[in-house]
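Student:
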Amino acid sequence: MQAYDVLVIGGGHAGVEAACASARMGARTALSSFDLEAIGAMSCNPAIGGLGKGHLVREVDALDGVLGLAADAGAIHYRMLNRSKGSAVWGPRVQADRARFKAEVQRIVRAQANLTLVEGEAAALVLKAGRVEGLELASGDILEAPRVILCTGTFLGGVLFRGEERFEGGRIGENAATRLAQQLREADFPMARLKTGTPPRLDGRTIDWASLPEQPSDDDAWTMSELSARRVNPQVFCAITRTTMEAHEVIRENLHRSPLFSGAIGAAGPRYCPSIEDKIHRFGDRDGHQVFLEPEGLDTHLVYPNGISTSLPVDVQHAMVRSMPGLERVEIVEPGYAVEYDHIDPRALTPDLQLSAIPGLYCAGQINGTTGYEEAAAQGLVAGLAAGGEAVGREPPKLDRANSYIAVMVDDLTLQGVTEPYRMLTSRAEYRLRLRANNVSSRLTGLGIAAGCVGDERRRWYERREQQRALFADVFGREVAAKDLADYGLNVRRDTGVKRIEEWLRHDGVDLEALEPWVGDALGDNPALAQEMAEDAAYAPYLARQEAELHDLRASEGLALAADFPYAGVPGLSNEMVERLSDAAPPTLAAAGRVPGVTPAALAAVLVHARRLQAESAAKAA
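First residue of the sequence shown? That's 11 in the numbering used here, and the numbers climb one at a time after it.
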């Protein structure tokens, strides 16, 4: 019998981050997986990041996580999405070599102190007196741990669908966690089913690349992780094709053979990444849908056609792809499929992703109703820091909606639940100007150092960066006369007077490049930090306004609401509001304000009643 402080079940992106985060906090941690050689495998799209998702990658990295470093180790194509808009909504994304990505994840995991890897099938949780106490493996071995983190991905009761075919599994070629799923259902956990899918994998040697538009990797040398000094792999191009009316007709004629429309799959799929069947059904007026042909690695011919996730039969998939430009002679190596799986209703979780009903049991990743590597990794980080911190008596970094997309996601999940797989979007955050992808270290790394979850290498890097910040602040504080700027050709009024550089940056057409004669090469040691500080200066009035809003938010966050708060006893609160708030059980007044449909008037009534109850309680205590 082996005993640990924290046990993580599952070696996907959530499990890896959870295990490493717990170990970094100092807890004796074990990571249990079906197959240790599959740890860190990319099960679907060989890409990391994107709109909203890239913010999560950067935030996990800022807290010394694994995902960003592995992304850079595998990256064969870098692209900053949404560049035509403000930097707050830019989306860093990389296309990764699957083998190199997995190898880097495994290198980090195997080198992590306080972490033991255990191979075996998770058969059943060990539960005693309403608490979790460990895990029974299919071999009969028991792993003891008072804290267990479930990171089962799509393996919990997973069933794969391809046309009329149906077979058990979490992904192609791998078994589902059937016994564990049965135990959780029998324990009357609040559970439901969701579905996701993947496109067919193509043989790149049979694609007519010359006939297709190329999408090159970005020229500038940004990386996903702040600790990645440079890009390490040769860069490849992706190509773009489109579905055709011929492909649409093939799909329409065979919708009855799709498990999504035959009734074989009843679960909801991701709205923002629908299957090609869904696209054709919902957007019948479209004459085509864009498809990105993304190479899966430098040493493989496999290509991922992003945009045609499908569970149609194999013969239909062949006809569909061969009707697209450049794919007339393409060969399918692995047909696409859909997977339906069990998930926990995330409203049953506390903000640290612990099941309210079972102390010590945490859930992270797709088991919580999310989709995507990035969302999974961020949840794994939260659960790992919480469980590891609790084991060693240390507080994890305090994350909230004002300092991280991670907290936005967790708050959305635990407060609102899911009706479809949750995907991070920049629109979900109220404070996007503060939560840019290029300022994550400024926002979070200091918190991570204080909590003890950041290693020496990142700590030293951060300390050097803060020294540079102080030097750069002096540069931004230099005064420049409007006359001098106008004489240089900048569009400013000559009678504006003298202002500091940080103030001039708020003027249209004035940026660091335009101010080069006054800045010189003083910021050259860290251009990324210089750009971050320039944006902070440009956005300063808006950030100040948000800061005032945050003051009110944090004041309301301080007003706790008990899980059994008597909403029915609040004068003037409608039955609808009582029902919404009782179902959500928000922990604070601020959280109550984020419950869908709750009105400002209802919040005001709850505030008055909560303060009245507090006063009565204080009077009794006196």
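The beta carbon of each residue, even a glycine, is placed where N, CA and C say it ideally should be.
Rank Val418, Pro407 and Lys138 by C-alpha distance to the C-alpha of Cys463 and give the top, closest one.
Tutor: Pro407
Student: Counting only runs that start and end within the stretch 589 to 627, where is the alpha helix (DSSP H) found for 4 or more residues in a row?
Tutor: 599 to 602
Student: Consult DSSP for Gln122 and reduce its assignment to one of helix, strand or coil.
Tutor: coil
Student: Does the count of Cβ pairs from the stretch 41 to 50 and the stretch 110 to 121 closer than 8 Å reach three?
Tutor: yes
Student: Pull up the DSSP beta-bridge partners for Pro315, would you.
Tutor: Leu303
Student: Tell me whether the stretch 367 to 386 and the stretch 20 to 27 touch, counting them as touching only if at least three CB pairs, one residue from each stretch, are closer than 8 Å.
Tutor: yes
Student: What does a CB cutoff of less than 7 Å around Ala595 pick up in its chain, not counting 5 residues either side in sequence?
Tutor: Around Ala595, the same chain offers Ala573 as residues with beta carbons nearer than 7 Å, after the five sequence neighbours per side are excluded.
Student: Which residue or residues does DSSP assign as beta-bridge partners of Gln541?
Tutor: Beta-bridge pairing links Gln541 to no other residue.
Student: Buried or exposed, going by whether 16 or more other CB atoms sit within 10 Å of the CB of Arg510?
Tutor: exposed
Student: Need the endpoints of the alpha helix (DSSP H) that Glu10 sits in, please.
Tutor: This structure gives no information on residue 10, because the portion of the chain shown stretches from 11 to 632.
Student: Hey, quick one: how far does the alpha helix (DSSP H) through Tyr432 stretch, first residue to last?
Tutor: Element bounds for Tyr432: n/a, residue is neither H nor E.
Student: Does any residue of chain C have a CB that is nearer than 8 Å to the CB of Val605?
Tutor: Reference to chain C is not applicable here, since this structure consists of a single protein chain.
Student: Quick one: what does DSSP say Leu66 is sitting in, helix, strand or coil?
Tutor: helix
Student: Starting from the N-terminal side, write out each stretch of the beta strand (DSSP E) that is 3 residues or longer and does not extend beyond the stretch 326 to 389.
Tutor: Taking only runs of at least 3 residues, the beta strand (DSSP E) segments lying wholly in the stretch 326 to 389 are 342 to 344, 347 to 354 and 371 to 373.
Student: Rounded to a whole number of angstroms, what is the C-alpha to C-alpha distance between Phe482 and Arg442?
Tutor: 24 Å
Student: Select from Glu259, Val313, Asp505 and Ala33 the residue whose C-alpha is nearest the C-alpha of Lys289.
Tutor: Glu259
Student: Assuming Pro305 and Val246 are in contact, meaning their beta carbons sit under 8 Å apart, how far apart are those beta carbons, in whole angstroms?
Tutor: 5 Å
Student: List in chain order: all unbroken beta strand (DSSP E) runs of 3+ residues lying wholly within the stretch 133 to 218.
Tutor: 141 to 147, 152 to 154, 158 to 160, 169 to 172, 175 to 178, 201 to 208 and 211 to 213
Student: Nearest by alpha-carbon distance to His299: which of Thr310, Leu308 and Asn316 is it?
Tutor: Asn316
Student: Do you know how far the Cα of Arg332 is from the Cα of Tyr88?
Tutor: 28 Å
Student: Just the C-alpha distance for Tyr347 and Thr380, rounded to the nearest angstrom, thanks.
Tutor: 19 Å
Student: Tell me, which residues are paired with Leu41 by DSSP?
Tutor: Val18 and Leu127
Student: Starting from the Cα of Glu523, find the closest Cα among Arg504, Thr506, Gly499 and Asp505 and give me that residue.
Tutor: Gly499
Student: Can you tell which of Glu542, Val520, Leu583 and Phe165 has its C-alpha closest to the C-alpha of Leu634?
Tutor: As displayed, the chain neither begins before 11 nor continues past 632, which places residue 634 out of reach and without an answer.
Student: Out of Leu457, Gly534, Arg470 and Met543, state which residue places its alpha-carbon closest to the alpha-carbon of Gly487.
Tutor: With respect to the C-alpha of Gly487, the residue from Leu457, Gly534, Arg470 and Met543 having the closest C-alpha is Met543.
Student: So for His266, helix, strand or coil by DSSP?
Tutor: Of the three classes helix, strand and coil, the one that applies to His266 here is helix, per DSSP.
Student: In this structure, does DSSP put His87 in helix, strand or coil?
Tutor: strand
Student: May I have the straight-line CA-CA distance separating Met234 from Gly214, to the nearest angstrom?
Tutor: 27 Å
Student: What's the call for Ser285, buried or exposed, on a 16-neighbour Cβ count within 10 Å?
Tutor: buried
Student: Here's the rule: buried if 16 or more other CB atoms are within 10 angstroms of the residue's CB, otherwise exposed. What is Arg68?
Tutor: buried
Student: Counting C-beta neighbours from all protein chains within 10 Å, is the total for Pro597 16 or more, i.e. buried, or is it exposed?
Tutor: buried
Student: How long is the line joining the alpha carbons of Gly603 and Thr609, rounded to whole angstroms?
Tutor: 8 Å
Student: In chain order, what residues of the same chain have a beta carbon less than 8 Å from the beta carbon of Asp546, not counting five sequence neighbours either side?
Tutor: Asn449 and Leu553
Student: Ends of the alpha helix (DSSP H) at Lys493?
Tutor: The continuous alpha helix (DSSP H) containing Lys493 extends over residues Ala492 to Asp497.
Student: Report yes if the C-beta distance between Ile368 and Met201 is below 8 Å; otherwise report no.
Tutor: no
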